[in-house]
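**Q**
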Amino acid sequence: MATALKTPFRFQNALSMTTSKVKYLAKKCQQAKWLEQPEDEFGLTDEDSSAGLGVLLRRPDGFYSSDPICLSIDVLKAVERLGAVVAFTMRSEIVWSMEMEKITPDMTELILDKSGSILPIAPSVRDIGTPRCSAKRESYVCYCRRERFILIWASSVPNILAHGNDVETTLLGLLWGSQSTVPETANPHRSSRSSGLMTHQRGSTQSVLHSDPATNEKLSIIHAAIEKETAGHKHFDPEKNVLVVVVEMACVAKLLTEIRLDGQMVRLALVATIPLFATFSLFFMIVITGSLFSSSDPCRNPTAASIQVSIAPKLGRFPDYELPHITIQMPVYKEGLKNVMIPSINSLVTAIKHYEAQGGTASIFVNDDGMQLVSSDQAEARKAFYDLHHIGYACRPPHNVSFKDEKGKAKPLAKDDPAYFERKGQFKKASNMNYCLDFSLRVEEEFENLLEEESQARHCTQEHFTVDEEMEIYDTARSNVVESDGGKTWADGDCRIGELILIIDSDTRVPEDCLIYAALEMHGSPEVALLQHASGIMQVVNNVFENGITYFTSLIYTSIQFAVGSGDCAPFVGHNTFIRWKAIQSIASRDPETGRILFWSESHVSEDFDVSLRLQMAGFIVRLATYHNGGFQEGVSLTIYDELARWEKYVYGCNELGFNPLIYWPRRGPFTKLFLKFLFSNIKITSKMTIFAYIFTYYAIASAIPLTLVNYLVSGWFNADLDQFYLTSWKIFVSMAVVFNVLSPTAYTMLRHRLGQTTFFISLLETCKWTPTFLVFFGGLS
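For the sequence shown, the UniProt record's numbering assigns the number 1 to the initial residue and increments by one for each residue that follows.
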């Protein structure tokens with residue numbers, strides 16, 4: 001009886017202690033000015049806007065005490081979904097300044113510092129804890145756009161105020177353009193495999209001040225070294241750009257000499273042609289510089305670990321790390337099962353089994369854009385094959401924007417017509433992946449809603465569901481979404497997206513151990529958004545043309561390896577790449593017409609180049625991996641027509657990214673918004689020059705025949721009156737012949753020898769064998 005009387009008293013005492021704690025925390029937050037009401041331009045405050053400001057603390061009975069008592073119900077529900085022990089809202093001058101200066105309307109995550117720390121952004125506090133918001137339970141912080149405050153939560157009470165100070169200090173460093181000096185340590189509120197807000201794991205959002213002075217000193221030294229290393233990669237590398245300046249200024253020197261002799265200042269008008277021809281010659285100068293350095297520079301750079309180049313991580317480096325789920329995304333069209341898809345899937349299944357043996361999980365998500373276009377027998381065969389190998393797939397309806405009238409003339413369909421569906425884009429790959437990713441997110445959202453309903457019906461938490469029960473609920477969610485699409489979408493299997501995505505083509509072979517290495521690499525380098533693997537060549541017919549393109553493709557990848565190892569930015573070629581799902585979500589936008597989320601640009605042919613630029617401008621890193629030694633294999637063009645079509649796609653894509661169509665120049669100007677944003681971004685200037693050189697290479701090739709014809713006419717009609725500033729085609733031809741047919745092949749031969757790929761003389765014979773072929777092929781591209 002005495003025990004029965006003591007228990008209610010202890011419980012009431014615990015509730016009283018909770019009330020005291022929440023009042024104390026609210027007082028401290030007010031003293032720190034974290035619960036400020038926003039003022040308008042006249043200095044007046046809105047009393048209604050303060051309804052969501054306050055502190056929440058979970059009581060022993062599972063309910064929450066708040067200060068003030070009338071705290072917004074939306075905040076309370078968000079904290080309940082997160083399962084947080086304590087939480088408070090932060091609204092201060094620093095938060096308002098961050099909102100005005102750093103946050104854009106479409107932004108879902110804000111990068112806080114160079115180490116890759118992020119602040120999740122939710123449309124509203126109502127969206128926290130749902131699939132509509134990127135903030136997870138382990139994030140511990142989230143900015144709410146509608147309410148204009150930051151929600152901060154923790155799993156224990158003692159460190160919540162230190163956490164708030166840490167967030168405020170980091171935001172202050174972001175606004176001042178300086179790195180926060182607060183040390184970054186592990187989060188005591190989380191398990192050993194989770195890290196905090198100011199640590200280097202994306203999607204995590206907490207850091208706590210460290211109390212050990214010795215540790216602080218070591219961390220300061222480490223951060224100083226990182227700052228120095230980062231700044232060192234921004235230094236201007238002048239060699240190849242100086243060559244352009246020297247050549248162009250030599251022409252200007254001739255003009256000045258002529259003006260001194262005859263005083264004709266009109267010659268200076270020829271200077272206006274320098275920018276155009278400087279861009280044409282930029283790649284030419286890069287080849288000269290690269291050839292000289294690849295022949296004499298130490299060869300440790302292409303194979304040594306750096307910011308842009310990775311080496312194979314040690315398998316025992318993170319013994320307590322829980323391997324993430326990896327989704328293998330494979331967009332396909334009408335490729336055949338036997339010769340294309342089945343060998344690729346078998347290769348993926350082997351890699352998945354190896355990854356599962358290490359403790360990880362992986363799944364295949366096929367974005368099948370041809371299932372509704374092929375015959376019913378072929379469609380059923382694909383479905384059966386996917387089901388046999390437990391492959392998730394999604395398929396959108398055919399392109400249907402017009403119909404034929406009685407006279408056989410095509411007329412446009414109304415957009416509200418049930419039969420209307422538009423597959424946007426020139427080559428449809430980007431819109432295919434966008435449609436399937438958006439479908440996956442909609443299924444995930446429906447799945448979360450059904451889980452919540454089921455858990456409430458059973459009076460239990462979601463952790464009590466078994467794997468089989470979750471899969472049954474997920475199948476129901478997928479069926480509901482397919483039904484809501486009116487049967488337009490065909491889908492089955494597991495369509496969920498994991499923490500990492502491996503995007504491959506339908507004719508790819510992957511190494512058995514690629515998944516485990518990628519998981520460890522991405523975990524150890526959270527600032528990396530794209531891990532691009534160098535590809536080997538998978539030959540099919542072994543004819544002369546395929547052998548030549550195989551040699552040329554190997555030349556390209558070896559040159560890329562040397563350039564990236566020497567400090568250049570790694571490329572993203574659109575396949576054989578591991579992508580961080582959180583990173584690609586952070587640069588996503590919403591289609592104003594359909595409401596779908598767009599991760600890949602549907603208005604650009606080179607959607608991979610577009611994504612690479614946007615990620616690098618957002619502060620992420622693209623990294624190149626070569627340690628599989630060609631284990632990622634891809635097919636090459638089998639005919640010259642396939643190769644020409646590939647080059648036409650590259651040219652079209654570069655034009656699309658850099659320039660507006662001519663008809664829009666009077667209103668929009670010549671350059672696209674993305675190109676202008678790229679020009680003024682924080683990407684290294686050397687990388688910008690390399691990208692310029694790549695883009696204008698196509699213009700230089702295209703101008704070969706027209707400029708040769710113009711030179712022929714000018715040299716014949718005005719030979720006696722030509723200015724010394726003018727370079728004839730013969731002088732340019734000799735330079736091009738020497739550089740591209742002697743210097744560059746010899747340097748490539750030496751590089752292969754020094755990298756240990758083959759011996760010098762065998763490489764030299766191979767180079768001599770294919771040089772005439774390339775001379776004819778590239779000479780004919782113009």
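We put the CB at the ideal spot given by N, CA and C, even for glycine.
For VAL776, which three-state DSSP category applies?
**A** Helix at VAL776.
**Q** State the DSSP-derived secondary structure class of THR697, mapped to helix, strand or coil.
**A** Helix, per DSSP.
**Q** Apart from the five residues on each side of it in sequence, which residues of its chain come closer than 8 Å, Cβ to Cβ, to SER612?
**A** Cβ neighbours of SER612 beyond the five flanking positions: LEU530, PRO571, PHE572 and VAL622.
**Q** Which same chain residues end up closer than 6 Å to GLU147 when comparing Cβ atoms and leaving out the 5 residues on each side of it in sequence?
**A** GLY52 and VAL125.
**Q** Give me the Cα-Cα distance between residue 783 and ARG145, rounded to the nearest whole angstrom.
**A** Because the chain spans 1 through 782 in this model, residue 783 falls outside it and cannot be assessed.
**Q** So, is PRO772 buried or exposed, given that buried needs 16 or more other C-beta atoms within 10 angstroms?
**A** Looking at its Cβ environment, which holds fewer than 16 other Cβ atoms inside 10 Å, PRO772 is exposed.
**Q** Taking contact to mean 3 or more Cβ pairs, one atom from each stretch, closer than 8 Å, check whether the segment 586-602 and the segment 73-86 are in contact.
**A** Contact fails: fewer than three Cβ-Cβ distances are below 8 Å.
**Q** Distance, Cα to Cα, SER347 vs PHE545?
**A** Going from the Cα of SER347 to the Cα of PHE545 covers about 27 Å.
**Q** Let me know the secondary structure DSSP gives ARG59 once reduced to three states.
**A** ARG59: coil per DSSP, three-state reduction.
**Q** What do you get for VAL776, buried or exposed, if any count of 16 or more other CB atoms within 10 angstroms of its CB means buried?
**A** When all chains shown are included, VAL776 counts as exposed.
**Q** Short of 7 Å in beta carbon distance, which residues of its chain neighbour ALA312, apart from the five on each side in sequence? Order them along the chain.
**A** Excluding sequence neighbours, ALA312 sits near TYR517 and TYR627.
**Q** For the alpha helix (DSSP H) containing SER294, name the first residue and the last one.
**A** 274-296 is the extent of the alpha helix (DSSP H) around SER294.
**Q** With a cut-off of 8 Å on the beta carbons, I'd call VAL651 and TYR698 a contact; round off their distance for me.
**A** The Cβ separation is near 5 Å, so the contact holds.
**Q** Considering only the alpha carbon of each residue, which of LEU676, TYR641 and LEU644 lies closest to ASP610?
**A** Considering only alpha carbons, the answer is LEU676.
**Q** Do the segment 561-569 and the segment 90-101 make contact, defined as three or more Cβ pairs closer than 8 Å?
**A** No contact exists between the segment 561-569 and the segment 90-101.
**Q** How big is the Cα-Cα spacing for PRO158 and ALA491?
**A** Near 48 Å, if we compare the C-alpha coordinates of ALA491 and PRO158.
**Q** For a test of the three-state rule: what should DSSP assign to ASP368, helix, strand or coil?
**A** In the structure shown, ASP368 sits in a strand (DSSP, three-state: E or B).
**Q** Does the Cβ-Cβ distance between LEU638 and VAL481 come in under 8 Å?
**A** No, they are not a contact pair.
**Q** Can you tell me whether ALA225 is buried or exposed, with buried defined as 16 or more other CB within 10 angstroms of its CB?
**A** Note that ALA225 scores 41 on pLDDT, short of 50, meaning its location in the model is unreliable and no value can be drawn from it.
**Q** Using only the alpha-carbon positions, how far apart do ARG496 and ASP387 sit?
**A** Rounded to whole angstroms, ARG496 to ASP387 spans 16 Å at the Cα level.
**Q** Classify SER363 as helix, strand or coil using the three-state DSSP reduction.
**A** Strand.
**Q** Just the Cα atoms here: how many angstroms apart are SER192 and ILE118?
**A** Because SER192 carries a pLDDT of 33, less than 50, the predicted location of this residue cannot be relied on, and no value is offered for it.
**Q** Measuring alpha carbon to alpha carbon, tell me which of VAL528, SER606 and GLN539 ends up nearest TRP581.
**A** For the residues VAL528, SER606 and GLN539, the minimum Cα distance to TRP581 belongs to VAL528.
**Q** When you compare the segment 597-607 with the segment 322-342, are there three or more beta-carbon pairs, one atom per stretch, that lie closer than 8 Å?
**A** Too few Cβ pairs lie closer than 8 Å, so no.
**Q** Could you give the residue range of the alpha helix (DSSP H) that holds residue 818?
**A** Since the displayed the chain opens at 1 and closes at 782, residue 818 lies outside it and no answer follows.
**Q** Would you tell me roughly how many angstroms separate the C-alpha atoms of GLU512 and GLY574, rounded to the nearest one?
**A** C-alpha separation (whole angstroms): 21 Å.
**Q** Using the C-alpha atoms, what's the distance from GLU483 back to VAL400?
**A** The sequence as given places Asn at residue 400; Val does not occur at that position. Those two C-alpha atoms are separated by around 20 Å.
**Q** Tell me which residues share the same chain as TRP770 and place their Cβ nearer than 8 Å to its Cβ, disregarding the 5 neighbours each side in the sequence.
**A** The residues are GLY548, TYR551 and PHE552.
**Q** Could you pull the start and end residues of the alpha helix (DSSP H) that ASP610 belongs to?
**A** Start and end: 607-617.
**Q** Which word fits GLY653, buried or exposed, when buried means at least 16 other C-beta atoms lie within 10 angstroms of its C-beta?
**A** Its Cβ being crowded by 16 or more others within 10 Å, GLY653 is buried.
**Q** What is the DSSP secondary structure of GLN462, reduced to helix, strand or coil?
**A** Three-state result, GLN462: helix.
**Q** Measuring CB atoms only, is the segment 456-468 touching the segment 430-440, in the sense that at least three cross pairs come out at less than 8 Å?
**A** No, the segment 456-468 does not touch the segment 430-440.
**Q** Just checking, does the segment 286-295 make contact with the segment 739-749 on the three C-beta pairs under 8 Å criterion?
**A** The segment 286-295 vs the segment 739-749: in contact.
**Q** Report the three-state DSSP secondary structure of ASN400 (helix, strand or coil).
**A** Strand, per DSSP.
**Q** My assumption, with CB atoms under 8 Å, is that GLY536 sits in contact with PHE632. Please give the rounded CB distance.
**A** Confirmed, about 6 Å.
**Q** For the beta strand (DSSP E) containing GLY83, list its first residue and its last residue.
**A** Taken as a continuous stretch (DSSP letters only), GLY83 belongs to no beta strand (DSSP E), as it is neither H nor E.
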